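Residue numbers are given in the working numbering: position 251 of the sequence shown equals residue 251, and the series is strictly consecutive.
Glycine included, C-beta positions come from ideal geometry on N, C-alpha and C.
None of these values were measured; they are calculated from a predicted model.
Right, one structure below, let's go through it.
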Amino acid sequence: MAAYEPQKSDKFTFGLWTLGNPGRDPFGDVVRTGFTPVEMAQELGKLGVYGLNFHDNDLLPFGASVGEHDRIMAEFKKALDDNGLRVPMATTNLFFHPVFKDGAFTSNDPQVRAFAYQKVMYSMDRGAELGAEIYVFWGGREGAEVDASKDAVTAVKRMRDAINFFCEYSREQGYNYKLALEAKPNEPRGDIYLPTTGAMLGFIATLDHPEMVGVNPEYAHETISGLNFYHAVAQAVDAGKLFHIDLNGQKVGRFDQDLRFGQEDYKTNFFLVRLLENSGFQGMKHFDAHPLRTSDRDDALAFARGCMRSYLILREKAQRFDADPEVREILAQIHAGDAELEEHLSGYSQNKAQALKGRRFDPDALASKPLPYERLDQRLFDILMGVA
Ligand code: GLT
Ligand code: MN
Ligand code: MN
């Protein structure tokens, strides 16, 4: 097996909107022809990709007839089969059409909310037809610029009503969906409700079927506001709620860049990949990114290969780091445990509380214990840079 060659077992996926993106931005027009769904299946099938994900309208044009949708579905299914691909995740576009300009589930207008519910149900049907097991909700328009226009408590209640509704719909239809909520702090709205992965985790606990709902954290979305994505994902892992993940690249404080995975902040990506690998994450590693606006179609394929290659290189670096003698020696030193104390610190009892209150500590001695973090972090740098 050639080095860093993606395998099906790596479970790498791409959204239809990634290579489908023709490079338009708020200031400039299309720069290349985006890949059609069938072209994406043909090209990515050759590269060891596991599957393709889509919004209803990435595949099925908004407002087209059922007959037209059936024809497109048949053509897409054939392209998937011919190229050994699956559709593990589906989602709904609730942000592009002007009807959603002031939100979908959180719109003040019950007709808009009802239309959004209808659109999601049809899209869940189509996703299930293609075998999708994860249904993502990204509420790009669920926010506000003018807080006087919407009550923020009501907005969260409406989000809850919607997610509860779709859990029941999925159960009743006998679909195998797990729902994955994707947070983003802003863009395209000035502020988006439930802005972080942590906020989503708190929200999930208030749902009727919390066991059906988890998160789909995105690197760019946590990073855009300067948060540590590795920490956000760690909390989701701890909660058993990491159902899916969106990998890409982003600089802090910029617009939503959706860069190639690995393009920015190698260290955070390193800890992210190490966490995904060492925690036994079984879900899809979905690249939710766009080729640069400067890319032509050939370079767009280099982008797709690059996302996967960077992941596989970081996976190898993680193994190297974990096996490195100097790293192991430092970690053994700083993680040295104390079995008796650990026992006192987990699980309350009156006896433990009394024992802890009566125990003598030497804070000065504790404070003088060496913490060679400079050495440790430099060792990581050397490993990442390929300096033995
Ligand atoms: C859109 C957004 C992504 C979401 C997609 C799913 S749509 O491309 O920028 O982060 O994951 O709705
Ligand atoms: Mn995303
Ligand atoms: Mn994004």
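Tell me where the beta strand (DSSP E) around residue i begins and ends.
{"i": "residue 15", "result": "12-15"}
{"i": "residue 53", "result": "51-55"}
{"i": "residue 286", "result": "285-287"}
{"i": "residue 246", "result": "245-247"}
{"i": "residue 90", "result": "89-91"}
{"i": "residue 135", "result": "134-138"}
{"i": "residue 179", "result": "178-182"}
Using alpha carbons as the reference points, say which of the options lies closest to residue i.
{"i": "residue 331", "options": "371, 308 and 357", "result": "371"}
{"i": "residue 21", "options": "293, 315, 310 and 369", "result": "293"}
{"i": "residue 35", "options": "23, 29 and 333", "result": "23"}
{"i": "residue 258", "options": "288, 105 and 68", "result": "288"}
{"i": "residue 8", "options": "115, 104 and 88", "result": "88"}
{"i": "residue 131", "options": "28, 176, 380 and 357", "result": "176"}
{"i": "residue 172", "options": "191, 43 and 125", "result": "125"}
{"i": "residue 152", "options": "74, 42 and 193", "result": "193"}
{"i": "residue 384", "options": "344, 343 and 318", "result": "318"}
{"i": "residue 373", "options": "328, 358 and 338", "result": "328"}
{"i": "residue 13", "options": "44, 119, 122 and 2", "result": "44"}
{"i": "residue 6", "options": "51, 27, 30 and 68", "result": "51"}
{"i": "residue 159", "options": "170, 142 and 121", "result": "142"}
{"i": "residue 307", "options": "342, 378 and 219", "result": "219"}
{"i": "residue 298", "options": "375, 68 and 19", "result": "19"}
{"i": "residue 187", "options": "255, 155 and 348", "result": "255"}
{"i": "residue 389", "options": "117, 251, 238 and 350", "result": "The first residue shown for the chain is 1 and the last is 388, placing residue 389 beyond what the model contains."}
To the nearest whole angstrom, what separates the beta carbons of residue i and residue j, a pair I think is in contact under 8 angstroms?
{"i": "residue 243", "j": "residue 214", "result": "3 angstroms"}
{"i": "residue 399", "j": "residue 224", "result": "The first residue shown for the chain is 1 and the last is 388, placing residue 399 beyond what the model contains."}
{"i": "residue 464", "j": "residue 233", "result": "Nothing in the structure corresponds to residue 464, since the chain is present only between 1 and 388."}
{"i": "residue 309", "j": "residue 4", "result": "5 angstroms"}
{"i": "residue 105", "j": "residue 139", "result": "7 angstroms"}
{"i": "residue 346", "j": "residue 32", "result": "56 angstroms between Cβ atoms; not a contact."}
{"i": "residue 85", "j": "residue 304", "result": "Contact flag wrong, Cβ pair sits at about 13 angstroms."}
{"i": "residue 96", "j": "residue 57", "result": "7 angstroms"}
{"i": "residue 169", "j": "residue 212", "result": "So it is not a contact: roughly 11 angstroms between Cβ atoms."}
{"i": "residue 90", "j": "residue 123", "result": "7 angstroms"}
{"i": "residue 245", "j": "residue 278", "result": "Between residue 278 and residue 245 the Cβ distance is about 15 angstroms, and since that is not below 8 angstroms, they are no contact."}
What do you reckon, are the CB atoms on residue i and residue j nearer than 9 angstroms?
{"i": "residue 247", "j": "residue 261", "result": "yes"}
{"i": "residue 311", "j": "residue 352", "result": "no"}
{"i": "residue 181", "j": "residue 203", "result": "yes"}
{"i": "residue 99", "j": "residue 115", "result": "yes"}
{"i": "residue 17", "j": "residue 54", "result": "yes"}
{"i": "residue 230", "j": "residue 272", "result": "yes"}
{"i": "residue 149", "j": "residue 82", "result": "no"}
{"i": "residue 197", "j": "residue 236", "result": "yes"}
{"i": "residue 199", "j": "residue 183", "result": "yes"}
{"i": "residue 133", "j": "residue 73", "result": "no"}
{"i": "residue 264", "j": "residue 249", "result": "yes"}
{"i": "residue 37", "j": "residue 64", "result": "no"}
{"i": "residue 109", "j": "residue 145", "result": "no"}
{"i": "residue 354", "j": "residue 11", "result": "no"}
{"i": "residue 379", "j": "residue 343", "result": "no"}
{"i": "residue 59", "j": "residue 68", "result": "no"}
Assuming residue i is part of the alpha helix (DSSP H), what are its boundary residues?
{"i": "residue 215", "result": "From DSSP, residue 215 is part of no alpha helix (DSSP H) but of the beta strand (DSSP E) over 213-215."}
{"i": "residue 39", "result": "37-45"}
{"i": "residue 312", "result": "297-323"}
{"i": "residue 387", "result": "Looking at the DSSP string, residue 387 is not in any alpha helix (DSSP H), and its letter there is neither H nor E."}
{"i": "residue 204", "result": "197-204"}
{"i": "residue 67", "result": "66-82"}
{"i": "residue 223", "result": "219-223"}
{"i": "residue 113", "result": "110-129"}
{"i": "residue 170", "result": "152-173"}
{"i": "residue 273", "result": "266-278"}
{"i": "residue 355", "result": "350-358"}
{"i": "residue 229", "result": "229-238"}
{"i": "residue 335", "result": "Run containing residue 335: none; DSSP gives neither H nor E here."}
{"i": "residue 365", "result": "363-367"}
Consider the C-beta atom of residue i and the heavy atoms of ligand 5; say whether any pair is separated by less than 8 angstroms.
{"i": "residue 136", "result": "The ligand content of the structure shown is limited to ligand 1, ligand 2 and ligand 3, which means ligand 5 is not among them."}
Quiz item: Which residues count as close to ligand 2 when the rule is a CB under 5 angstroms from any of its heavy atoms, in chain order?
Solution: Residue list for ligand 2: 218, 246 and 288 (CB closer than 5 angstroms to any heavy atom, chain order).
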